[in-house]
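Residue numbers (this note's numbering), protein chains in the order written: chain A, 1376 to 2051; chain B, 1376 to 2051. Glycine included, every Cβ here is placed at the ideal spot set by N, Cα and C. From a predicted model like this one, the values you see are computed outputs, not experimental measurements.
Protein chains: 2
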Amino acid sequence: MNCIRFAFLPALLIGSFLNAEVKPALMPLPRKMTVADGALRIDPKFRVGFATRPEARLDRAARRMIARLSAQTGVPLASVPVTDTRLATLVIECPETVDRPDTLGESEAYQLDVTSSRARLRAPTVVGALRGLQTFLQLVVPGDGSFVAPAVHIEDEPRFAWRGLLIDVTSHFMPVPVIERNLDAMEAVKMNVFHWHFTDDQGWRVESKRYPKLHQLGSNGAYYTQDDIRHLLAYAHDRGIRIIPEFDMPGHSATWLIGYPELGSAPGPYSIIRTFGVYDPVLDPTKESVYQFIDGLLDEMTPLFPDAYFHIGGDEVNGVHWKANSSIQSFIRSHQLKDEGGLQAYFNQRVEALVKKHGKTMMGWDEVLHPNLPKDIVVESWRDRESMAKAARDGHPVLLSWGYYLDHLKPAGKHYEVDPLEGPAKDLTAAEAARILGGEACMWTEYASPETIDSRIWPRTAAIAERLWSSANASDVASMYQRLDRISDSLTWRGVTHQSNYAAMLQRLAPTAPLDALRTLGDAVQPLGIDGREGHHAYNQETPLNRLVDAARAESVRVRRLEEGVARYLASPNLSDEAAIRRELETWRDNHSRLESSLTASYLLKEAAPLSADLSRLGTMGLEALDALRARKTLGPDRAKGRLDALTLMEKPRAEVTLAAVRPVRMLVQGAAGGH
Amino acid sequence: MNCIRFAFLPALLIGSFLNAEVKPALMPLPRKMTVADGALRIDPKFRVGFATRPEARLDRAARRMIARLSAQTGVPLASVPVTDTRLATLVIECPETVDRPDTLGESEAYQLDVTSSRARLRAPTVVGALRGLQTFLQLVVPGDGSFVAPAVHIEDEPRFAWRGLLIDVTSHFMPVPVIERNLDAMEAVKMNVFHWHFTDDQGWRVESKRYPKLHQLGSNGAYYTQDDIRHLLAYAHDRGIRIIPEFDMPGHSATWLIGYPELGSAPGPYSIIRTFGVYDPVLDPTKESVYQFIDGLLDEMTPLFPDAYFHIGGDEVNGVHWKANSSIQSFIRSHQLKDEGGLQAYFNQRVEALVKKHGKTMMGWDEVLHPNLPKDIVVESWRDRESMAKAARDGHPVLLSWGYYLDHLKPAGKHYEVDPLEGPAKDLTAAEAARILGGEACMWTEYASPETIDSRIWPRTAAIAERLWSSANASDVASMYQRLDRISDSLTWRGVTHQSNYAAMLQRLAPTAPLDALRTLGDAVQPLGIDGREGHHAYNQETPLNRLVDAARAESVRVRRLEEGVARYLASPNLSDEAAIRRELETWRDNHSRLESSLTASYLLKEAAPLSADLSRLGTMGLEALDALRARKTLGPDRAKGRLDALTLMEKPRAEVTLAAVRPVRMLVQGAAGGH
């Protein structure tokens, strides 16, 4: 038996099971794991059983786990758990018998023991048992003769209590199935909060029976009925996921004002804003009728959402309409508020009292931070980590979202490095640091549609999920990426479309082009994030998201693997890496001639012609460097400099993508440059 | 303007639109089509409108078409049709206003006119309009600056009134979403009958409230509730698809007898049969209680299914239990029935009277054919075309299923060649031939799971759909395949999983192997059909279908394209084909070394090691031949013979697949052999 604390030795995870040929890829890494000899066979005789009569959602979760296990292995399994544990292969022990809403800070701990004859999952809470079921699923790999779960002893619980994903459903509406499959994916990586950004200048997405003009005039018919919401609440609860609704106020509120312009700070009329950014429409904090309206809205919405927390946004008020309104200005003076910031703090205090009256605890983005606010308000820091540390120092529970903005399309490794307790948080006292509840990955959807959103969230969010669940010492990026590739496949088996719609989107660009050549081009580029895209093109809510930039995945697995191969080869030349590198470079070199006729024939792909031509040049340039390295020659400083200058030019964004394929070629050219 | 009758010039479809860079791929080909200059833009201003208040399912169909068009193009479109046709881009004219069940032989005709400013769809029936909407969707391609529908005039209607797909849900149960997405796919290719094979020795899949032991003991909990069935009936009706239920009797009836053994011809007890084939359990036609039971079952089931036809199976009775039962034998003698065949004819007559009593017309497999049966009974010929011609001669309406058995995994081109009116039908009189209603593709699922079934049905069934809809003269196989590849992509956009789950299934074979190398291997092989598999391995209902044979697609697009390239190159050597052929052969040659470590590490992939090694040999052998051809040399007769002998060996099935990649290499070797 060898005992491994993954906190300290994560790389061992993928190298030490004795009887499984393929090693499990656990993500997030458990707190503690001991590996033993042997493995449990998953065959048609596999049965799940309960030691005691299960609580209803745990029973459903066990059935769902069985169905997934069957889908994942191809092995047909009895779908119904047995009550006689002597017949069970996996026995679940959980003392909770009554269904209740999940709460912040409840135990999510579980213990999982697998031997070659049996598995046992023990957890003090249902939600802990749900986490353990996901770990069991991840343990199963093809073994010697059948699928197996290797023998292990796992003791696990999360480092942070709040591990969230925000989805913006306003910029582009996301229908119910999109939310469902993302909840499925969250469950797989043990995330526990879904933050639903419901209202903004671009859309009001919740049916309101009390104020129907909100959704009727603010959504173009694309909104969730209250039945939809109840369905998704139950769906999330089944997966141990709390739902936090966000109704953004006083800014980002154009869609409140279309039907109810009297709530605004300017006369209106208002309409849905089709473009993206920060706009002027804002509620008028000086009118009592505004608070009456919010009170009525909370009266309708707070009973719909069982969670104790309620997010009121509070971000990005530009103050333009407040400055232009003389009555508002005199209110600021008469109430001795310092300025528009003071007016927003006044508004937040009033709204906080209403939220509390309806039995909820208020949350807001970091702009809400103000000395006069009650200390139980949760602050979500999106602008920087300093605001997070400040809020914690001021006594607020706090969440980190800065560093986890998915719409920037940064590599998973970048997000993985962002630890809420690093940086400014290191100066906090232990009591202050304990106020850091966790974090939230944020998926803003200006540049994401129901078709592309999964590929913007997954698999990268699994790295954030691990950062928030696992020990701070789980920091080996190479191990993370190896496991991420495997988790990515298992998300596909759950119906997440981040991989499965890629080929169809590429083929749509040029229906008659060879798919593998399209894939070579698509794999060579990476889309720009929001910063890069908003400057390029006059986007609005109706702009089709059907170009190469939309088809391309956020982080090219193929380029990353080539970089890894080149790094290995440069460190220690070997034939196997050389052959793989050569094959890829030759594929690139030859790709443009295969695509050329399609590039001119399709208006969707035309813009990619220079990229495709450069990819072929990259192939040639990389082969030149590889040949030099192989012959133990150098390119010489002049030629190398010329090549590197050309690479810099090729890396400039075009068609809203960058040519990620430049990176491994630059490594080769630098390696072959010589003279250093 | 050029007028094209596709019946005579199908190849022109893909070569003559002036303003579209990519040509539409219509499948099935319309009866008549005229192409004009210009094209209609599909942009966010595109609207659908009705000339008159639409019947409800047509309204739903129009909304569904808009959603598909939006998903297919990425262009956000208003989801609700307009009522003011002046605002509409596509105007639908259909006089039907009242929803009614579809009936055999009703008009499915439509006329579609597209100009650069407008489109107009006219149809006398709702179902005709549904067909026209699918044609419109297929017309849309990426054009010069946006998606467009080229200007056309189409007059279309089907050649055969019955264009069915049978799905066996007994051998492996197929959950509701599987049926839904296959109905979606059928709609896309204008198929109009879903034949639901509900009961067999391996499963009873319908909830019976009157005889609950049927589904309770006959399904392991895997059955459709009556609510499920009502849902799918409505789903199919919305797509202009009739549903024919089949309750197979008197044979294939083990699952009737588990709960009701008194209906059987042997004492029992009975159980679900887990293996596949023809078994002994059979109803006892001599007992009045059997007819009372069937009467009760029909009383419950016939109102559930609105269609006029009701299928009673009637196939493959082996007579073993009848022969062994002395009371049955004396019944045969006392009723002057010739033998067991005569007894089955007696049974069919009795059942037919019951089916008629409940207001339905009976259907059966060709074994039911007997002079004493009423002439309105529909005979479905599965054993051969002779039985079809005989039934038509005897006065029966008849369907052809022989030649359309999907589980044999024949190439689409083979099915495409099977014309119901060719072969024995050519000797029929016009009146007899008119009794041939059409045909049905049959998907028996001994070797298909919910995960693999789509890949066994699609895209090949689209070729059968075209055979049954389009003119007999639409027979250009090359044109069919070109269009099939495109339809295949559009089925993926509808959620059919024949393409999208391929990579995930391959990766599951060896989670850490390079996916593109797995794909190269998977693309090089083709799975054996039922004939090949049943001898290889002791399969039962619980055997996992998760091996290379299950992941591999029925017909390798990549091998077919290589064959096409080799054929062109041999006919007329050219650099472009040569480069493509060389690239593929080099990929094959190098693939085994990339997969070797994974092949031994995964129990699922181990069996494929010899295939992978042979694929590399094929690459080397093909390159040798290609080099010879390029150098205008020959291999010489001895070497060529040695190579061809080796190829013959390599083509033998292993791991239940054949190495399809042999075919293009054989073409090259034969081409380079010389001496002829």
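- Our two residues, R1957 (chain A) and W1963 (chain B), have alpha carbons roughly 15 Å apart in a direct line.
- For D1576 (chain B), the closest alpha carbon among the candidates B:I1648, B:P1517, B:R1922 is that of B:I1648.
- For Y1485 (chain A), the uninterrupted beta strand (DSSP E) segment begins and ends at 1485 to 1489.
- Remark: C-beta atoms of P1644 (chain A) and I1633 (chain A) approach each other more closely than 9 Å.
- Looking only at B:A1494, B:L1540, B:T1545, the smallest Cα-Cα distance to P1525 (chain B) is reached by B:A1494.
- Under the DSSP assignment, V1900 (chain A) falls in the beta strand (DSSP E) whose first and last residues are 1900 to 1902.
- Only residues of its own chain outside the window of five on either side were considered, and among them V1450, P1451, L1452 have a CB closer than 7 Å to the CB of P1419 (chain A), listed in chain order.
- At a cut-off of 9 Å between C-beta atoms, D1613 (chain A) does not count as an interface residue with respect to chain B.
- Counting C-beta atoms within 10 angstroms of its own C-beta, P1948 (chain A) has fewer than 16 neighbours from the protein chains shown and is therefore classed as exposed.
- Beta-bridge partners assigned by DSSP to V1423 (chain A): A:L1465.
- Chain-order list of chain A residues neighbouring S1875 (chain B): S1875, N1876, A1878, A1879, by C-beta distance under 8 Å.
- In its chain, beyond the 5 residues on either side, H1570, W1571, H1572, F1573, H1686, G1688 have a beta carbon closer than 7 Å to the beta carbon of E1621 (chain B).
- Close CB contacts of V1473 (chain A) within its chain, under the 8 Å cut and outside five residues either way in sequence, are with E1430 (chain order).
- Against chain A, the beta carbon of R1958 (chain B) has neighbours under 7 Å at D1965, listed in chain order.
- Taken in chain order, the whole beta strand (DSSP E) runs of length 3 or more contained in the stretch 1711 to 1773 of chain B are 1736 to 1740, 1753 to 1756.
- Taking CB atoms only, S1546 (chain B) has no neighbour in chain A less than 9 Å away.
- Note: P1517 (chain B) is bridge-paired with B:F1522 in the DSSP secondary-structure output.
- 9 Å or more divides the Cβ of D1531 (chain B) from the Cβ of M1402 (chain B).
- Contact between the stretch 1858 to 1867 of chain B and the stretch 1555 to 1570 of chain B is present: 3 or more CB-CB pairs across the two stretches fall below 8 Å.
- Think of a sphere of 7 Å around the beta carbon of R1861 (chain B): the chain A residues whose beta carbon falls inside it are P1886, in chain order.
- Boundaries of the beta strand (DSSP E) around D1412 (chain B): 1407 to 1417.
- If you ignore the 5 residues before and after R1928 (chain B), its C-beta comes within less than 6 Å of the C-beta of S1830, all in its own chain and listed in chain order.
- Residue contact check for G1520 (chain A) against chain B: a CB pair falls below 9 Å.
- Beta-bridge partners assigned by DSSP to E1621 (chain A): A:H1572, A:H1686.
- For R2014 (chain B), no CB of chain A lies under 9 Å from its own CB, so it is not counted at the interface with that chain.
- Assignment of alpha helix (DSSP H) within the stretch 1916 to 1988 of chain B, counting only whole runs of 4 or more residues, yields 1923 to 1926, 1932 to 1946, 1950 to 1976 in chain order.
- V2037 (chain A): member of the alpha helix (DSSP H) spanning 2037 to 2048, first to last residue.
- Annotation: S1492 (chain B) to A1805 (chain B) spans about 44 Å, alpha carbon to alpha carbon.
- The way I'd put it, the stretch 2022 to 2034 of chain A does touch the stretch 1986 to 1995 of chain A; three or more beta-carbon pairs between them come closer than 8 Å.
- In this structure, the straight-line span from the alpha carbon of A1426 (chain A) to that of L1514 (chain A) is close to 22 Å.
- Scanning A:R1432, A:R1443, A:A1463 for the CA closest to the CA of F1421 (chain A) turns up A:A1463.
- Shown here, R1858 (chain A) sits in a helix according to DSSP, grouped into three states.
- In the three-state reduction of the DSSP assignment, W1631 (chain B) falls in the helix class, which pools H, G and I.
- With a cutoff of 9 Å on beta-carbon distance, L1512 (chain B) and Q1591 (chain B) are scored as not near each other.
- In the pairwise beta carbon analysis, the stretch 1600 to 1617 of chain A is classified as not touching the stretch 1698 to 1714 of chain A: fewer than three pairs are separated by under 8 Å.
- Taking the beta carbon of V1397 (chain B) as reference, the chain A residues within 7 Å of it are P1886, T1887, A1976, S1977, listed in sequence order.
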